[in-house]
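What follows is a set of notes on a single structure, which appears directly below.
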Amino acid sequence: MKITVFTSNQPRHLSLLRRLSEVADVVYAIEEGTTVFPGEVKDRYDNSPVMKEYFEHVRAAEAEVFGTVGFLQNNVKQLCLKSGDLKYMTMEQLDEALHSDLYLVFGSGFIKGDLIRFLEDHKAINIHMGVSPYFRGASCNFWAAYDGYPELVGATIHMLSEKLDAGDMLYHALPKPQKADPFVLGMIAVKAAHDSVVERIKDGTLFTIQGQKQDATGEIRYSKNAEFDDVVAEDYLHNRMTPEEVEQKLLQRDLSMLKDPYIG
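For the numbering used here, count along the sequence shown from 1 and bump the result up by 2.
Below you can see the structure in the form of structure tokens.
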């Protein structure tokens, strides 16, 4: 089996590539990269004192769940791009990666033009870190935790569509109830999504799930990158839920709100 993944370069993205390399003959990884030292290095986010502290927590949580950046297996073929460059790539430049059995999107930039149409035609699947239709847009799991919904920190596995995060839902993946700092909870949610996808590739069920349209009337927040600033980050740092409060909310999760939930 050949799998093509449009993704990024943080430890959580590399972890997915490693997992997929165990079930595929070849993994084509088109990675749009940003600094692996957010908060220290000014890139997508500022390196203000608040952002430095915030991303220290993010990086520590990510390292706890996924380890750090490192080299990948020999059957992973990487094309490394700067974040935002994918939209300038031609189909000819990507051709070697466009003859696969499965196409996945996890953490890439917004895909447009001929490529998005190709991926839709080939039934590409998006791993959206956020529980749709309740939280959509940017940094959905941050906003779910910020707004007091840690029980809706998770992932939506859905068909890729031209409209952002709006494709038919296949299922949701969420962390099991546990005591966890919200920073760590977000990373555990990512791992649950990875586990579910790899398991369902192995047993073949990923290819047979019936999709379900998203009901936009259930939306709680549609977030934008510009909304996440020093004021919001500092508020979250000082006022986020305790691990005990998180566990209580997870124990009270209403599974009827979710499509065929995978709890991992």
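The beta carbon of each residue, even a glycine, is placed where N, CA and C say it ideally should be.
Only a predicted model underlies this, so the values are computations on that prediction, with no experimental measurement involved.
Cβ neighbours of residue i in the same chain (closer than 7 angstroms, five flanking residues each side left out)
i: residue 135; result: 216, 217, 218, 220, 221
i: residue 59; result: 185
For residue i, the first and last residue of its enclosing alpha helix (DSSP H)
i: residue 225; result: Residue 225 -> not in any alpha helix (DSSP H); beta strand (DSSP E) instead, spanning 223–225.
i: residue 18; result: 13–23
i: residue 190; result: 184–204
Rounded C-alpha distance that separates residue i from residue j
i: residue 178; j: residue 191; result: 9 angstroms
i: residue 52; j: residue 97; result: 42 angstroms
i: residue 127; j: residue 119; result: 13 angstroms
i: residue 1; j: residue 240; result: Here the chain has residues from 3 to 266 only, and residue 1 is not among them.
i: residue 257; j: residue 265; result: 10 angstroms
i: residue 31; j: residue 247; result: 38 angstroms
i: residue 140; j: residue 245; result: 24 angstroms
Distance cut-off 8 angstroms: residue i Cβ against heavy atoms of the ligand MN
i: residue 117; result: In terms of ligand content, the structure shown is empty, and the ligand MN therefore cannot be addressed.
Extent of the continuous beta strand (DSSP E) to which residue i belongs
i: residue 112; result: Premise fails: residue 112 is in no beta strand (DSSP E) and is neither H nor E.
i: residue 95; result: No beta strand (DSSP E) contains residue 95, which is instead part of the alpha helix (DSSP H) from 93–96.
i: residue 101; result: First-last for residue 101: undefined, no H or E at that position.
DSSP bridge partner residues for residue i (one or two, in chain order)
i: residue 28; result: 4
i: residue 40; result: 43
i: residue 9; result: 33
i: residue 119; result: None; residue 119 has no bridge partner.
Exposure label - residue i; buried when at least 16 CB within 10 Å
i: residue 61; result: buried
i: residue 209; result: exposed
i: residue 73; result: exposed
i: residue 228; result: exposed
i: residue 77; result: exposed
i: residue 6; result: buried
6 angstroms CB neighbourhood of residue i in its chain, flanking five on each side removed
i: residue 110; result: 8, 9, 34
i: residue 252; result: 153, 179
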